[in-house]
Ligand SMILES: Cc1ncc(C[n+]2csc(CCOP(=O)(O)OP(=O)(O)O)c2C)c(N)n1
Ligand SMILES: [Mg+2]
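In my numbering, the protein residues as written are 5 to 606.
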């Protein structure tokens, strides 16, 4: 039987080990859909509710599996819908290959229906590689390069296949002029550091007395080595958001997240250190790093094009995190003075006490921090966690204690709304035998999460471990932005843009056969988690939570704190007790004195 280009496309993906394609149909890819049918759905077509969700599912799959992922959409509108998910892949550096259709070659340039200039559309997002297949002989090389480049550069790439080309008989590239034969496979190099630079880095680190380490997702493969280096240097370790799962939070010297969503011990460690070692992180907020001139610094990163930014590093070591640290360890001298490390550990221990106390501050009806706190106490050691970009990202960053082989991710750099549910779906396809948990705001649920619950309902029986819990922060508000407005002091509360229509997320989940619990009492939370985490169906926890709990870290700058305080005073003063009671110690320091507050209230 002769093979069409579309058949060869799927067979080539299969040869690369691609097991599923997250996509949405349309006549621009009808030829490829026919090939899926002929191939008995191998690789497997996973149907999302929206192309952006298909792209997020691919990003989630790539993030949780470490392997390249494929998403697919029709020409024109379908291709456009993929974009946000592909940008998420680009900004967080994960390999995703997008395959899209296009009108027939005969119609191109004719302002034809659904004809969009796709090469231009994808030029920025897939700047590493975007190509249109116009003759059959091009196909293997374009597919192979799209996968290889996505993998090597950890970036999205795009393949455009016009509808009529999909249907052509496949002809392999010949042994002739202007033919480009191709091959499968990719063996990545081991990137070792330069010996002289390594020696200089060791000298710098040995000279430091108060060493701070910052790790990002690039350090994921170097858990043991980071721990050993931190021990030798008497250092604490802060984690960038995408590197939250690099080290267990049960280690006493791990200060947790850093930055706008970060912890106080990370903030203090960076404020007081004299030496900084950054490993596999491109953490953007340099104001949370030491002041320039305060600390001498070394950076280790596998990608020379991303090294040396954000801080005036003295040594920029290009190398694989694990191999570089292994080479560095014998050159490091154990620090005699343990005072710095003891301070860091004391701060960390205190921080976790404060987190627990904050989670237990009474609220109306539920303090959102408590959702994360109760989850963290029960979290399966192999949980895969996704958080959305609203207030959930703050509580994920600060309240959840990573341990065991737990994995976690979010849209770290694009910080887009909406990826938590599709990431969790992608994670389930990466590891069908592990539980997945998505934390998502009600705004994001209304944007797309609700619809994507249907995808969960559809595929739930294909996962060996059926547990996928979606915890909805039901606050009827676009709360993260509401608090940003308050902190800015500009528009404390513009109701028209911020309030959300109310609906029941649990009712919707139940109506499509998922497990569902509406939680309105904080004392129900522990039992709700137990039920959802031991169930044999996916669950939605619809948690009614308080919109008056500010997701602002306790070390936010003074002016912002004062704006928040002022907004609270001007607003509903009955909420005042909640704010004051415990969880924002720093806020109390900048608030007006008791008497002034009474005046404001009157
Ligand atoms: C696609 C997109 N649109 C808008 C924003 C800006 N934004 C960030 S968080 C947020 C509010 C999220 O609200 P919700 O999902 O209800 O979570 P909450 O903060 O209330 O917990 C908005 C509008 C964004 N990051 N991404
Ligand atoms: Mg909300």
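Ideal Cβ positions, reconstructed from N, Cα and C, are used throughout, including at glycine.
Sorted by chain position, which residues of the same chain lie with C-beta nearer than 8 Å to residue i's C-beta, five sequence neighbours on each side aside?
i	result
residue 256	349, 352, 353
residue 167	31, 32, 33, 34, 35, 79, 105, 106, 107, 108
So who's on the other strand from residue i, going by DSSP bridges?
i	result
residue 105	165
residue 136	164
residue 273	None, per the DSSP bridge assignment.
residue 543	473, 519
residue 218	242, 282
residue 85	In the DSSP output, where bridge partners are listed per residue, residue 85 has none listed.
residue 449	None; residue 449 has no bridge partner.
residue 8	173
residue 413	390
Going by the beta-carbon positions, is the gap between residue i and residue j smaller than 8 Å?
i	j	result
residue 444	residue 461	no
residue 431	residue 388	yes
residue 457	residue 485	no
residue 504	residue 542	no
residue 141	residue 193	no
residue 510	residue 472	no
residue 403	residue 363	yes
residue 279	residue 329	no
residue 463	residue 50	yes
residue 406	residue 253	yes
residue 390	residue 442	yes
residue 11	residue 116	no
residue 437	residue 469	yes
residue 147	residue 17	yes
For residue i, is the beta carbon positioned less than 7 Å from some heavy atom of ligand 2?
i	result
residue 398	no
residue 447	yes
residue 453	no
residue 504	yes
Keeping to the same chain, check which residues put their C-beta closer than 7 Å to that of residue i; ignore five residues upstream and five downstream.
i	result
residue 223	230, 247, 250, 283, 284, 325
residue 578	No answer about residue 578 holds up, because its pLDDT of 45 lies below 50 and its placement is not dependable.
residue 127	134
residue 360	377
residue 267	259, 260, 261, 355, 402
residue 344	213, 214, 238
residue 19	188
residue 310	286
residue 290	314, 315
residue 129	87, 90, 91, 94, 160
The alpha helix (DSSP H) with residue i in it runs from where to where?
i	result
residue 354	343-363
residue 429	424-434
residue 492	483-492
residue 530	529-537
residue 153	143-157
residue 374	372-382
residue 231	227-237
residue 40	34-42
residue 58	55-69
Counting along the chain, where does the beta strand (DSSP E) carrying residue i start and finish?
i	result
residue 320	319-322
residue 303	300-305
residue 444	440-445
residue 126	From DSSP, residue 126 is part of no beta strand (DSSP E); its letter is neither H nor E.
residue 674	In the structure displayed, the chain extends from 5 to 606; residue 674 sits before or after that span and is not available.
Quick one: what's got a C-beta closer than 6 Å to residue i's C-beta in the same chain, skipping five residues either side?
i	result
residue 218	242, 282, 285
residue 58	26, 27, 28, 52, 75
residue 580	Note that residue 580 has pLDDT 42, beneath the 50 cutoff, so the model's placement of it is unreliable and the number below is only indicative. There are no such residues.
residue 118	79, 80
Below 7 Å, is the gap between the Cβ of residue i and the nearest heavy atom of ligand 1?
i	result
residue 492	no
residue 422	yes
residue 483	yes
residue 477	yes
residue 419	yes
residue 395	yes
residue 392	yes
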